[in-house]
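Numbering-wise, the sequence shown is residues 47 to 156 according to my numbering.
All C-beta atoms, glycine included, are put in the ideal place defined by N, C-alpha and C.
A quick write-up on the structure given underneath.
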Amino acid sequence: MDQLANLPAPALITFGAVLAVIFAVRYLGLWQGQKTSPSSSPASAQVAAVIVDPTALNKATAAVEAHTAAMHRAIDVEERRTRATETMAIELDRIREELRIHREIRRADR
């Protein structure tokens, strides 16, 4: 407390304001949480419907599995495309080097 008493007035006012904001947010947050009960929330009804109706959950699971399989195929295709591009770059580099050598030979023959 002695350290707080030694602070200048603007620092004490700022400190008090920050504490007031923290307590206000905490109090209002708890108050809002008590006011909204889970049973009156429209989102809880949708969650309950999904839990009660397993067909929707099964369809969603199948859709996610199909999407996962499609993503695995796309990743495989992209990996093969990357390897092909790397191979193409190596071959183009070799061709460029060969053309450079041919140009040097032609210049030397002149």
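Going straight from the alpha carbon of residue i to that of residue j, what length do you get?
i	j	result
F61	I121	54 Å
V71	P100	40 Å
A109	E125	24 Å
L103	F69	42 Å
K105	H113	12 Å
L65	A51	16 Å
E137	I151	21 Å
E132	R146	21 Å
A115	R142	40 Å
L53	I59	10 Å
E111	A63	52 Å
V128	E144	It is worth fixing the name first, because residue 128 is Thr in this sequence and not Val. Roughly 24 Å separates the two Cα atoms.
Mind checking if residue i is an interface residue toward chain C, Cβ cutoff 8 Å exclusive?
i	result
T60	Absent from the structure is chain C; it holds one protein chain and no more.
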